[in-house]
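S.K.: Encoded as structure tokens, here's the structure I'll be asking about.
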Amino acid sequence: MLQIVLRQAGFETHRIATGLEALQEFRSYRPDLVLLDLMLPGRDGVEVCRDIRAESGVPIVMLTARSDTADVVAGLEAGADDYVAKPFKATELVARIRTRLRRLPGEGETDSLTIGDLTISVSSHSVKRGQLELSLTPLEFDLLLALAKRPAHVFTREALLDEVWGYRNAADTRLVNVHVQRLRAKVERDPERPEIVITVRGIGYRAGESQLD
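Heads up: the sequence shown begins at 139 in my numbering, then just goes up one per residue.
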């Protein structure tokens, strides 16, 4: 049923039945996005997600029948970009997929931005500290870019959900928290004392001041 819905929406699909074959099929097929069920037979979705993320920045949307926070956070910490809880509306899932696949910069958008001591190139989808290029997933890049575009703005978690994930839901702010932690682990010199992604207590996050001339 899900394959039919996705094909009607214009997507080409490839279904994997078990977690045991998922990684090998991923390597062979090289999809633009992975829909990953948390409850896969053979190997669970969290393990598969961790394996895929170890070698690819491909967008991963997790499907789960579990509403327990620990299960959802485990999937996000393993590298999933987003999750959709069952039962879900087909239109909601398609919208989430389209958001994760949206990669082109808008017309007239500034190509080069700075945040802290980092330089962001929008057109090449790259982030550098000096000559060192940092390895970010597409979602981590989008999160960093959203902050860098409005350096004086303090984003609530709900506003970041709207800007980066494409929807606003206070119950899903854990998405923001987990991905901020993952982003800091990659871009901060000391994640315990962040200078790139700054927490504004009681509100949300803002960009660190540019340290580049």
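Even for Gly, the Cβ is constructed at its ideal location relative to N, Cα and C. Since this is a predicted model, take the numbers as computed values, not measurements.
Provide the residue span of the alpha helix (DSSP H) that contains ILE235, from first to last.
M.R.: The sequence position of residue 235 within the sequence shown is 97, counting from 1. Note, ILE235: alpha helix (DSSP H), 228 to 239.
S.K.: With a cut-off of 8 Å, do at least 3 Cβ pairs link the region 272 to 286 to the region 321 to 337?
M.R.: These segments touch.
S.K.: Short of 8 Å in beta carbon distance, which residues of its chain neighbour GLY157, apart from the five on each side in sequence? Order them along the chain.
M.R.: Counting from 1 along the sequence shown, the entry for residue 157 is found at position 19. Hits under 8 Å: LEU178, PRO179, GLY180, ARG181, ASP182, GLY183, GLU185, VAL186.
S.K.: Whole angstroms is fine: what's the gap from VAL143's alpha carbon to THR151's?
M.R.: Taking the sequence shown and counting its residues from 1, the one referred to as residue 143 is at position 5. Taking the sequence shown and counting its residues from 1, the one referred to as residue 151 is at position 13. Straight-line Cα distance between these residues: approximately 10 Å.
S.K.: Touching or not, the region 225 to 236 and the region 250 to 267, by the rule of three or more beta carbon pairs under 8 Å?
M.R.: In short, these stretches do not touch, since the Cβ pair count stays below three.
S.K.: Please state the DSSP three-state secondary structure of PHE149.
M.R.: Counting from one through the sequence shown, the residue named residue 149 turns up at place 11. Three-state result, PHE149: coil.
S.K.: Suppose you measure from the CA of ARG145 to the CA of MET139; what does that come to, to the nearest Å?
M.R.: Stepping through the sequence shown from its first residue, residue 145 is reached at position 7. Stepping through the sequence shown from its first residue, residue 139 is reached at position 1. For ARG145 and MET139, the distance between alpha carbons rounds to 10 Å.
S.K.: Please state whether DSSP places ALA155 in a helix, a strand or coil.
M.R.: Within the sequence shown, residue 155 is the residue found at index 17, counting from 1. ALA155 falls in the coil class under three-state DSSP.
S.K.: Expressed to the nearest angstrom, what Euclidean distance is found between the alpha-carbon atoms of PHE149 and GLN141?
M.R.: Counting from 1 along the sequence shown, the entry for residue 149 is found at position 11. Counting from 1 along the sequence shown, the entry for residue 141 is found at position 3. Going by the C-alpha atoms only, they are around 9 Å apart.
S.K.: Taking ALA290 as the reference, which of VAL222, LEU161, ILE190, ARG344 has the closest Cα?
M.R.: Locating residue 290 in the sequence shown gives position 152, counting from the first residue. Out of VAL222, LEU161, ILE190, ARG344, ARG344 has the C-alpha closest to the C-alpha of ALA290.
S.K.: How many whole angstroms separate the CB atoms of MET200 and TYR221, which I take to be in contact at a CB cut-off of 8 Å?
M.R.: Taking the sequence shown and counting its residues from 1, one reaches residue 200 at position 62. Taking the sequence shown and counting its residues from 1, one reaches residue 221 at position 83. MET200 to TYR221, Cβ: 4 Å. Contact.
S.K.: If you run the structure through DSSP and keep just helix, strand and coil, what is ALA345?
M.R.: In the sequence shown, the residue the question calls residue 345 occupies position 207. Looking at ALA345 - three-state DSSP - the assignment turns out to be strand.
S.K.: Does the beta-carbon of THR202 have 16 or more other beta-carbons within 10 angstroms, so that it is buried, or is it exposed?
M.R.: Position 64 of the sequence shown, counted from the start, is the residue given in the question as residue 202. So THR202 ends up on the buried side.
S.K.: Tell me the DSSP secondary structure of ASP219 in three-state form.
M.R.: For this step, residue 219 is matched to residue 81 along the sequence shown. In the structure shown, ASP219 sits in coil (DSSP, three-state: anything other than H, G, I, E or B).
S.K.: Between ALA286 and LEU298, is the Cβ-Cβ spacing less than 8 Å?
M.R.: Along the sequence shown, one-based indexing puts residue 286 at 148. Along the sequence shown, one-based indexing puts residue 298 at 160. No, Cβ-Cβ distance for ALA286 and LEU298 is not below 8 Å.
S.K.: With DSSP as the reference, identify every bridge partner of MET200, one or two as the case may be.
M.R.: Position 62 of the sequence shown, counting from 1, holds the residue named residue 200. Beta-bridge pairing links MET200 to LEU174, TYR221.
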